[in-house]
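Trainee:
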Amino acid sequence: MGQFTSKRGGVDPRAVPNVRFSGDEGPPSYSTHGMPPTIVISDVESSASERRGSRVELRRSSVYSTIDQVPQLGHYTRTLHHQKGSRPSLDALRKAFEEKEAAAEVSTTDSGDGSLPNSGPEAPKGPPKKAPARFGWFIGVMMRCMLNIWGVILFLRVTVITSQAGIVVMWVIIGLSVMVTTITGLSISAIATNGRVISGGTYFMISRSLGYELGAPIGLVFSFANALACALNTVGFSIVVRDLMRDYNVIIVDDLNDVRIVGVITLVILLMITLAGMEWESKTQILFFIILLVSFADYLVGTLIPHSKEKQSKGLFGYNKDIFISNLTPDWRGPDGNFFRMFSIFFPGATGILSGVNICGDLKDPATAIPKGTLGAILVTTLSYLILSVTSGASVVRDASGNISDYIGGNITSDCVGLGCNFGWNFTKCILAQNCKFGLANTSKVMGLLSGSYYLIIAGVFAATLSSALGFLVSAPKIFQCLCKDKIYPYIGFFGKGYGKNNEPLRAYVLCFLIAVALVIYGDLNTIAALNSNLFMCSYALINFSCFHASITNAPGWRPMFHYYNKWLALFAAAVAVLLMFLFTWWAALVVLSVMASLFIYVTYNKPNVNWGSSVQAGSYNMALSYSVALTGVNDHVKNYRPQCLVLTGPPTQRPALVDFVDSFTKHASLMICGDIIMDQDRQSQPQEATDKLVKWMNKRKVRSFYSSFPADSLRVGARNLLQTSGLGKLKPNILVLGFKSNWRDSSPESIDDYINTMYDTFDTNYSLCILRMMEGLDVSDQFDFEVNKGFEPDESIEKDNQKSPQKKPADSIPEEDNKEQMKTVFQTDQGKKTIDVYWIADDGGLTLLVPYLLTRRKRWHNCKVRVFVVGDEQNMEENRAEMLKLLDRFRFGFKDVTVMTDSEKRPQAKSLERFEESVAPFRLYDEQYDGVSAQELRENSPWKIPDKEFEAFRQKSETKVRLNEIIRRNSMHAGLVLVSLPVPHSDCTSALYMAWLDTLTCGLHCPVVLIRGNQENVLTFYCQ
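Counting in the numbering used here, the sequence shown runs from -4 upward without gaps.
Here is the structure:
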């Protein structure tokens, strides 16, 4: 059997045993199977090095075949546009046995030639490139999350909120925030461990879970939310710097402009750090983290140190039971003094949980790091908030003047107001005047005052605000870069370009910097915080809903390694997040949701060419499957009848008129399947790309149809199989739609028999039948230089043109110009006030009336008048007309124009009869001219021809068809569409004669003609039950 060898070394495979190297499991192990040994050299992406570099790996063939390989990582590892490994196709495996002798000869004569994928010339060795920076779970996730959670809110707002809400309500606020963030953290962990998260953080996870419809809007909004959070922390830092400057009587311009100036300078410095690369940014964050830990330790130590008179004048008295009890309950003050306003101000202090997710592309192992780091950060920061609220609420009174002169010692008077009286301080004056400058409710410097060293707290404030600002300044561009690379929105691709070994989004850094500068210039901390809360709440709601939706769909692809989540808790957290958006700031919630809705509508309308296997797709499958199964238990009822069509179009691009006609009355109402019977031996196994192109063509034409191809030796065999296998449960076709065989006179007898027998099979399977005839023909293959599908022979003129064009494209190919502007047919143009003429010759159950009614429900046919023609006698013409009008009125169609044809039994004109006999003459046997033996031989040699006896037996029927055609041409010369009851083919009627009847019935008209026949079962009823 043939061997596969590496092209690089020309190694004789028989000289090398099967070897398997496992990088961290000791020495190589040798196998001694009784099969030819094989060595395979390929580049496989290593998870340990995060897709950088390549390594040589030895692989073994399967015991079944040398071409059949054992499971390998490279077969499942892929990048965005290509797959790293490639397994042999089923066709290659099937043919391997037939080609083994040839392969063995190639192996012995040219040992340097291999046919396995990924083998090729060895790349020239160069200096090894330095690997990009990658972070573990602590530095990459937990530390970043803690730094971003410990932002401006920790040092500047927690104590103020505690004073207004009280310790109990503050714990409730913290608990609600932590509940939302913890459940969101669990959802993040589940999504992040359900496959490899490359980059893009929250946007990547939501878009790949819920699809681009919701992922793209949240990616844009969340990028802006991170830029907003960067500005929020920068403004907080600037306020602290400004207040520190005031302590030293330093003024640049004024209070507001000083914040703006310091903020812009700070952003410039942070931008320089981010442009220096992730390594410098990470080192800076570690420094900030150490400073934060030291400052928090300094605060805890400071609460235990006895306070001086100066600090007591500012309301600091150390841990005291009375102060703790006093601060347990709320004391709402000012316009912002309510629960939800305090909640909205605090919540940004819990929004840093996505910081590790946002740089998931820079983590060593995101699946492990994100759950461990995120949940660990939530736990530690929650404890810090609880400790801070209790320690400050138990040691600082709400109001204090800061004046040493308010000390009264033990001389407490009856008019002393406030808890300070219990400690020998009279703050009554400032309490009554409501102008106290110190105390838990009046200053944001409580942490600094309680600490052992005020300047360490200032350093902690700087570290907290700057680290958060730096983290968000890094996160926003990383998310935006991934969104830009997906090319969902126009005009933003410019910002997706990456630079350096870490693929840094330098352009996106600059854009985020400019947005943050604009927000810093605005400068209102509370407004920015409220808007920021809504943006993050919206993100959290979608993350939790993504987890819930992925779980509820039961998709086999949902297999997260993190199991500690609950889909119902995720749904609850999503609902709570949306509710809190409106309770926080209703106008901000409306703005955020309006922007999301606008972006959603835009993306849904444009339908970008992406496929990420989202849970929405899985949910659609589940819904379709559930409803399809449920439909099987629903009994059929005539009121619910829908015309479900199997349309033998061949490649739909080849017969657009046939496709458009059926789509005109099935779109948004019933089932349509375009059937393609492939009789070309070269197209027996149609590639998936060809099918995708045809489906794309129908989607672009806005045709709601399925496409199904079937290889067969003849039209009849293919149609019979499609009739039996198309559809699912109750979603099965009940009408077969064909194009008229216009070139029947020039066709072979077998082809005509095939066509007519297909009609027989249709009625045998209890299907209805519909045949569309266009005078210019249905086939447009000549206009696009297509190869004609032999299952549907073209018109005579087209066939002649094809003889002049020997080189043809495949029938399922689509020309480039057709992608820009598709061909319009009569069924895609407005018909104005033309008429739809219905010749209801035979009662077929009502399908002949139902189809034109459904057509008039479409905009293009809405103004058309439907005229009904029925057969009757002259003596009872008025009674017949009145009876038909009554029937139509009960069917509620609204058709008022009824004509009774009383001359249908008259003999046709001689010229018309002569034309019919000329058309059928080539198919007549003329056996009456011969004696008995000769006639019998003639009939045996030409069974497809029409014997004279049969022709005479059906003469009356033939004349009736000719006469009906005269009536139709007289009445419907200017109609927009004509529908005629199809005569049922007789079993003893020759195919050629029946084909001549159909041709005679429909010839001579310039509008489309439809021959239609129901299956003799009612499709209409005038009863309501």
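The C-beta atom is built at its ideal place from N, Cα and C for all residues, glycine as well.
By a C-beta neighbour count over all protein chains shown, 10 Å radius and 16 as the cutoff for buried, is G608 buried or exposed?
Mentor: Within the sequence shown, the letter at position 613 stands for residue 608. So G608 counts as exposed.
Trainee: Please work out which residues of its chain come closer than 8 Å, Cβ to Cβ, to Y449, disregarding the five sequence neighbours upstream and downstream, and give them in chain order.
Mentor: Sequence index remark: in the sequence shown, residue 449 carries index 454 (1-based). If the five residues before and after Y449 are omitted, its C-beta is found closer than 8 Å to the C-beta atoms of G443, all from its own chain and listed in chain order.
Trainee: Rounding to the nearest angstrom, what Cα-Cα distance links T757 and D884 in this structure?
Mentor: Numbered from 1 along the sequence shown, position 762 holds the residue referred to as residue 757. Numbered from 1 along the sequence shown, position 889 holds the residue referred to as residue 884. Taking the Cα positions, T757 is about 31 Å away from D884.
Trainee: Please classify D1039: does DSSP put it in a helix, a strand, or coil?
Mentor: Residue 1039 lies beyond the residue range present for the chain, which begins at -4 and ends at 1020; the question has no answer from this structure.
Trainee: Hey, how far is the Cα of I183 from the Cα of G351?
Mentor: For the purposes of this step, residue 183 is taken as the residue at position 188 of the sequence shown. For the purposes of this step, residue 351 is taken as the residue at position 356 of the sequence shown. Rounded to whole angstroms, I183 to G351 spans 11 Å at the Cα level.
Trainee: In chain order, what residues of the same chain have a beta carbon less than 6 Å from the beta carbon of R557, not counting five sequence neighbours either side?
Mentor: Within the sequence shown, numbered from 1, the residue matching residue 557 stands at position 562. Checking the sequence, you will find Phe at residue 557 rather than Arg. Cβ neighbours of F557 beyond the five flanking positions: S184, A185, T188, P366.
Trainee: May I have the straight-line CA-CA distance separating Q931 from Y750, to the nearest angstrom?
Mentor: Translated into positions along the sequence shown, residue 931 becomes position 936. Translated into positions along the sequence shown, residue 750 becomes position 755. Taking the straight line from one Cα to the other gives about 26 Å.
Trainee: Kindly indicate which three-state DSSP category D410 falls into: helix, strand or coil?
Mentor: For the purposes of this step, residue 410 is identified with residue 415 of the sequence shown, where counting begins at 1. Three-state result, D410: coil.
Trainee: Please classify I963 as buried or exposed, where buried requires at least 16 other C-beta atoms within 10 Å of its C-beta.
Mentor: The residue given as residue 963 occupies position 968 in the sequence shown. By the 10 Å Cβ count, I963 comes out buried.
Trainee: Going by CA-CA distance only, name the one from P903, E745, A905 that's closest to A987.
Mentor: Stepping through the sequence shown from its first residue, residue 987 is reached at position 992. That would be E745, whose Cα lies nearest to the Cα of A987.
Trainee: Quick check: what's the CA-CA separation for V1004 versus E878?
Mentor: Sequence index remark: in the sequence shown, residue 1004 carries index 1009 (1-based). Sequence index remark: in the sequence shown, residue 878 carries index 883 (1-based). Cα to Cα, V1004 sits roughly 26 Å from E878.
Trainee: What's the C-alpha gap between L767 and V586?
Mentor: As a first step, residue 767 must be located in the sequence shown, where it is residue number 772. As a first step, residue 586 must be located in the sequence shown, where it is residue number 591. Computed Cα separation, rounded: 53 Å.
Trainee: Leaving aside the five residues before and after A511 along the sequence, list all residues of the same chain whose C-beta is less than 6 Å from its C-beta, in chain order.
Mentor: Reading the sequence shown from its first residue, position 516 is the one you call residue 511. Closer than 6 Å at Cβ, skipping near neighbours: A222, C225, A226, L262.
Trainee: Note the first and the last residue of the continuous beta strand (DSSP E) segment covering L1015.
Mentor: As a working mapping, residue 1015 is identified with position 1020 in the sequence shown. Neither: L1015 is in no beta strand (DSSP E) and is coded neither H nor E.
Trainee: Which partner residues of L832 appear in the DSSP bridge assignment?
Mentor: Position 837 of the sequence shown, counted from the start, is the residue given in the question as residue 832. Rather than Leu, the amino acid found at residue 832 in this sequence is Asp. Answer is R862, V973.
Trainee: Closest to F864 by CA distance: which of E276, L501, Y535, T894 is it?
Mentor: For the purposes of this step, residue 864 is taken as residue 869 along the sequence shown, with counting starting at 1. Closest by alpha carbon: T894.
Trainee: Given the structure, does T627 come close to the ligand GDP, in the sense that its CB is under 7 Å from one of the ligand's heavy atoms?
Mentor: Ligands displayed in this structure: none; no statement on the ligand GDP is therefore possible.
Trainee: For a test of the three-state rule: what should DSSP assign to A524, helix, strand or coil?
Mentor: Counting from 1 along the sequence shown, the entry for residue 524 is found at position 529. In this structure, A524 counts as helix in the three-state DSSP scheme.
Trainee: Inspect the beta-carbon positions of I538 and S218 and report whether they are closer than 8 Å.
Mentor: The residue labelled residue 538 in the question sits at position 543 within the sequence shown. The residue labelled residue 218 in the question sits at position 223 within the sequence shown. The Cβ atoms of I538 and S218 lie no closer than 8 Å to each other.
Trainee: Taking the C-alpha atoms as reference points, what is the distance between G999 and P980?
Mentor: Here residue 999 refers to the residue found at position 1004 when the sequence shown is read from its first residue. Here residue 980 refers to the residue found at position 985 when the sequence shown is read from its first residue. When rounded, the distance between both Cα atoms is 22 Å.
Trainee: Can you tell me where the beta strand (DSSP E) with S763 in it begins and where it stops?
Mentor: The sequence position of residue 763 within the sequence shown is 768, counting from 1. Here the beta strand (DSSP E) through S763 covers 763 to 768.
Trainee: Of the residues G840, R855, M896, which one's Cα is nearest the Cα of R862?
Mentor: Within the sequence shown, numbered from 1, the residue matching residue 862 stands at position 867. Of G840, R855, M896, the residue nearest in Cα terms is M896.
Trainee: Whose CA, out of L643, L478, L653, lies closest to the CA of V216?
Mentor: Within the sequence shown, numbered from 1, the residue matching residue 216 stands at position 221. Ranking the options by Cα distance to V216, first place goes to L478.
Trainee: Can you tell me the Cα-Cα spacing of G297 and L445, whole angstroms?
Mentor: Reading the sequence shown from its first residue, position 302 is the one you call residue 297. Reading the sequence shown from its first residue, position 450 is the one you call residue 445. About 6 Å.
Trainee: So, at 6 Å on beta carbons, what are the nonlocal neighbours of V915 in its own chain, with the 5 sequence-adjacent residues on each side left out?
Mentor: Taking the first residue of the sequence shown as 1, we reach residue 915 at position 920. Closer than 6 Å at the Cβ level, and outside the excluded window around V915, lie A991.
Trainee: Between the alpha carbons of Y721 and G867, how many angstroms are there, rounded?
Mentor: Numbered from 1 along the sequence shown, position 726 holds the residue referred to as residue 721. Numbered from 1 along the sequence shown, position 872 holds the residue referred to as residue 867. For the sequence presented, residue 721 should be read as Ser rather than Tyr. Computed Cα separation, rounded: 40 Å.
Trainee: Looking at C-alpha atoms only, which residue of L461, A503, V469, G495 is the closest neighbour of K480?
Mentor: Residue 480 sits at position 485 when you count from the first residue of the sequence shown. The shortest C-alpha separation from K480 is found at A503.
Trainee: What does I941 pair with, by DSSP beta-bridge criteria?
Mentor: Along the sequence shown, read from residue 1 onward, the residue named residue 941 stands at position 946. Answer is R919.
Trainee: Taking N1010 as the reference, which of L842, T995, D708 has the closest Cα?
Mentor: In the sequence shown, the residue the question calls residue 1010 occupies position 1015. Nearest of L842, T995, D708 to N1010, Cα basis: L842.
Trainee: Quick one, which of Q823, L845, D825 has its alpha-carbon nearest V833's?
Mentor: Sequence index remark: in the sequence shown, residue 833 carries index 838 (1-based). With distances taken between Cα atoms, V833 lies closest to L845.
Trainee: Which first and last residues belong to the alpha helix (DSSP H) in which R255 is found?
Mentor: Your numbering for residue 255 matches position 260 in the sequence shown. That run of the alpha helix (DSSP H) goes 250 to 270.
Trainee: For M532, which of L578, D759, Y636, F508 has the nearest alpha-carbon?
Mentor: In the sequence shown, the residue the question calls residue 532 occupies position 537. Nearest of L578, D759, Y636, F508 to M532, Cα basis: L578.
Trainee: Candidates V392, I348, P942: which alpha carbon is nearest V375's?
Mentor: In the sequence shown, residue 375 corresponds to position 380, counting from 1. Taking only the C-alpha atoms, the option nearest V375 is I348.
Trainee: Per DSSP, which one or two residues make a beta bridge with V640?
Mentor: Counted from its first residue, the sequence shown places residue 640 at position 645. According to the sequence as given, residue 640 is Cys; it is not Val. Answer is M667, I730.
Trainee: First and last residue of the alpha helix (DSSP H) that includes P301?
Mentor: Counting from one through the sequence shown, the residue named residue 301 turns up at place 306. Run containing P301: none; DSSP gives neither H nor E here.
Trainee: Since D63 is in the beta strand (DSSP E), which residue starts that stretch and which ends it?
Mentor: By one-based count along the sequence shown, residue 63 stands at place 68. For D63, there is no enclosing beta strand (DSSP E), since its DSSP letter is neither H nor E.
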